[in-house]
Amino acid sequence: MISFETPLKKLKHEVLKNVVLLAKDNNLTKEELMNIQYKVIPGDKPQYRCCVFKERAIVYERTKLAAGYLSDGNGINKQLKDIKDD
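Its first residue numbered 9, the sequence shown is counted upward by one per residue in our numbering.
Okay, here's the thing in structure tokens:
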């Protein structure tokens, strides 16, 4: 069993684990990446920040970075920019 020093490290682990599982299944699509935020932060109660929407936005930004996409910080409706071989 993995033990974490802080709850935020557990959150980071959950994000990375979900991205790895998608990559393993060769299913890294925008829709699947957006679903990770709802798997990691279920329900409507915030745990770390003022509202659950900010928590999910931060988890989505972490998800994009873990998947190898450039984070623009301007919202989740933008095109994902691949950072491989510019």
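Cβ atoms here follow ideal geometry from the backbone N, Cα and C, with glycine treated the same way.
Apart from the five residues on each side of it in sequence, which residues of its chain come closer than 6 Å, Cβ to Cβ, to residue i?
{"i": "R70", "result": "V23"}
{"i": "R57", "result": "E63"}
{"i": "L16", "result": "none"}
Following the continuous alpha helix (DSSP H) through residue i, name the residue where it begins and the one where it ends.
{"i": "P15", "result": "15-32"}
{"i": "R70", "result": "60-75"}
For residue i, which residues of its own chain have a beta-carbon under 8 Å away from its beta-carbon, when the five flanking residues on both sides are left out?
{"i": "F12", "result": "K18, H21"}
Under the three-state reduction of DSSP, which class applies to residue i: helix, strand or coil?
{"i": "L36", "result": "coil"}
Assign residue i to one of two classes, buried (16 or more other C-beta atoms within 10 Å of its C-beta) or exposed (fewer than that).
{"i": "Y77", "result": "buried"}
{"i": "K53", "result": "exposed"}
Which whole-angstrom value describes the C-beta separation of residue i and residue j, a residue pair presumed to lie in contact below a C-beta threshold of 8 Å?
{"i": "I44", "j": "V27", "result": "7 Å"}
{"i": "V48", "j": "V67", "result": "5 Å"}
Can you find the residues in the same chain that come closer than 7 Å, C-beta to C-beta, to residue i, ignoring five residues on each side of it along the sequence?
{"i": "L30", "result": "L36, E40"}
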